[in-house]
Amino acid sequence: MTAQVFGVHHGHRQLDEPAAVRFTPQGRPLALRWHGGIWQVVGRPATAAAAAPSATGWRFSAQTGPASPVLEFGITFDAARDGWRLVSVGGGSD
């Protein structure tokens, strides 16, 4: 499945695609698989305002390695689809 782009808002591309996310034992995002790479969280992720009453979310910065750009990702849990969704990507060359 390809990403569905909903628009650009403040330098962030709005998406709606499945997200493969790994979490720490404390429940914070640790890494995200996106576009064939593993994006490791840099710094401390922040909880994001829920997009819908049935969703919880996170916003975090991540990179694939020390020389890669740092991008900001937004994810939400969609209870209706029973899975995490990548909803925004920003930073880098946006």
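Each residue of the sequence shown is one higher than the last, beginning at 2 in my numbering. C-beta atoms are modelled at their ideal positions from N, C-alpha and C, and glycine is treated no differently. Note that the coordinates shown come from a computational prediction; the quantities given were computed from them, not determined experimentally.
Sequence-distant Cβ neighbours of residue 88 in its own chain, meaning closer than 8 Å and more than five residues away, are 15, 16, 17, 52, 58, 75, 76, 77. A residue is called buried when at least 16 other Cβ atoms come within 10 angstroms of its Cβ; residue 86 meets this threshold and is buried.
Here residue 23 really is in contact with residue 32; their C-beta atoms are around 5 Å apart, less than 8 Å. If one requires a minimum length of 4 residues, no alpha helix (DSSP H) run lies completely within the segment 15-52.
Here residue 43 is actually not in contact with residue 69; their C-beta atoms are around 10 Å apart, not less than 8 Å. Where residue 91 is concerned, the enclosing beta strand (DSSP E) starts and stops at 84-92. Here residue 62 carries a strand assignment [DSSP, helix/strand/coil].
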